[in-house]
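Student: The opening residue of the sequence shown carries number 125 in this note's numbering; numbering runs sequentially from there.
We put the CB at the ideal spot given by N, CA and C, even for glycine.
Only a predicted model underlies this, so the values are computations on that prediction, with no experimental measurement involved.
The structure under discussion is supplied below as structure tokens; questions concerning it will follow.
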Amino acid sequence: MNHATPAVELPATIEWNVSAGLTPYPVALAAMEARVAAIAAGDAGEQIWLVEHPPLYTAGTSADPAELLAGDQFPVFRAGRGGRYTYHGPGQRVGYAMINLAARGRDVRRFVHQLEGWLIDTLGDFGVAARRAEGRIGIWVDDPDGREAKIGAIGVRVTRWVTYHGFAVNIAPDLSHFGGIVPCGIAEFPVTSMAALGRAVPMAEFDAALAARLDPFLDSLCQPCRDA
């Protein structure tokens, strides 16, 4: 069942959905593809869709089979997005962003940069000092041992200037599940979560913080259009 996050002012032009329970990955992929086609055809509006998945691995278009270390641990799905292997599972907030860049500057690189910024700012609301890392897509923090660690992954695809797939932020997943892959092809850095950093945050609170920062994120995509 989908429901809007309560007590948050959201743009009228974009649909905000939060799915309860665990959404099977093939169901999410089919729904995204249908929605993206409808947006591109002018038959539907933009959408942010927040889900959790059962434990699984996804393979992006650059996935190297050698980086799938335990392919029999969880189901593996071809995602069609950019990037390599990622893990999804309970306790991880996955956000699918179906945004029409044809109306927002047609700049995919800017979209990814601003998507990272949206997540960094939201994590900051909970006292997590997140950042970008030069040459590495995703969201990074220092773990309790002082090591640089990944707390959020980004993987997008664009069809007819409509984005889909999006991000995954580790709220409180079982971090051992990442051991079946080389996450995003980066072996030298660990993966962490808000819970591992001592930030016990209910998923609904994180969702509300994301929603509160949605308007600035969308505005940032359109800034070059206004400056032109």
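Using a threshold of 9 angstroms, state whether the C-beta atoms of P297 and G195 are closer than that.
Tutor: Not a contact, by the Cβ cut-off of 9 angstroms.
Student: Tell me whether P268 is buried or exposed, calling it buried when 16 or more other Cβ atoms sit within 10 Å of its Cβ.
Tutor: Exposed: under 16 other Cβ atoms inside 10 Å.
Student: Considering just the uninterrupted stretch of the alpha helix (DSSP H) at I244, what are its terminal residues?
Tutor: Here the alpha helix (DSSP H) through I244 covers 232-248.
Student: Kindly list the residues whose CB is nearer than 7 angstroms to the CB of G248, restricted to its own chain and excluding five residues on each side of it in sequence; keep chain order.
Tutor: So the qualifying residues of the chain are A254.
Student: So the alpha helix (DSSP H) M327 belongs to, where does it begin and stop?
Tutor: Looking at the DSSP string, the run of the alpha helix (DSSP H) that includes M327 is 327-336.
Student: From H177, P178, I163, pick the residue whose C-alpha is nearest to that of A171; which is it?
Tutor: Before going on, a small fix: residue 171 reads as Gln here, not Ala. If we check each option's Cα against that of Q171, I163 comes out closest.
Student: Looking at the secondary structure, which residues open and close the alpha helix (DSSP H) in which E157 lies?
Tutor: 149-164 is the span of the alpha helix (DSSP H), which, as asked, contains E157.
Student: Tell me which residues share the same chain as N224 and place their Cβ nearer than 7 angstroms to its Cβ, disregarding the 5 neighbours each side in the sequence.
Tutor: Excluding sequence neighbours, N224 sits near I163, E170, W285, V286.
Student: Determine the closest residue to V200 out of G207, E191, L180, with distance taken between C-alpha atoms.
Tutor: The option with the nearest alpha carbon to V200 is L180.
Student: For the putative contact between T210 and L334, defined by C-beta atoms under 8 angstroms, what is the C-beta separation to the nearest angstrom?
Tutor: That belief does not hold up - the Cβ atoms of T210 and L334 are roughly 19 angstroms apart, past 8 angstroms.
Student: Do you know whose CA, among A165, L321, C308, R281, lies nearest G251's CA?
Tutor: That would be L321, whose Cα lies nearest to the Cα of G251.
Student: Evaluate E240 with the Cβ neighbour count: other Cβ atoms within 10 Å of its Cβ, from every protein chain shown; 16 or more gives buried, anything less gives exposed.
Tutor: Result: buried.
Student: For A332 and H237, I'd like the C-alpha separation in whole angstroms.
Tutor: Rounded to whole angstroms, A332 to H237 spans 21 angstroms at the Cα level.
Student: Exposed or buried, which one is A324 when buried takes at least 16 other CB atoms within 10 Å?
Tutor: It counts as exposed.
Student: Could you check whether the segment 291-311 touches the segment 183-195, counting it as contact only if at least three pairs of C-beta atoms, one from each stretch, sit closer than 8 angstroms?
Tutor: They touch, by the three-pair rule.
Student: Between G262 and the rest of its own chain, which residues show a CB-CB distance below 7 angstroms, the 5 nearest in sequence each way excluded?
Tutor: Here the set comprises K274, G276, A277, I278, C308.
Student: Where does A254 fall in DSSP's three states?
Tutor: Three-state result, A254: coil.
Student: List the endpoints of the continuous beta strand (DSSP E) containing S317.
Tutor: Where S317 is concerned, there is no enclosing beta strand (DSSP E), given that its DSSP letter is neither H nor E.
Student: Please report the straight-line C-alpha distance between D266 and G259, rounded to a whole angstrom.
Tutor: Approximately 17 angstroms, taken between the alpha carbons.
Student: Which residues share a DSSP beta bridge with Q171?
Tutor: In the DSSP output, where bridge partners are listed per residue, Q171 has E139, M222.
Student: Using beta carbons (cut-off 9 angstroms, strictly below), is V280 in contact with chain D?
Tutor: The chain labelled as chain D is not found in the depicted structure, where only one protein chain is given.
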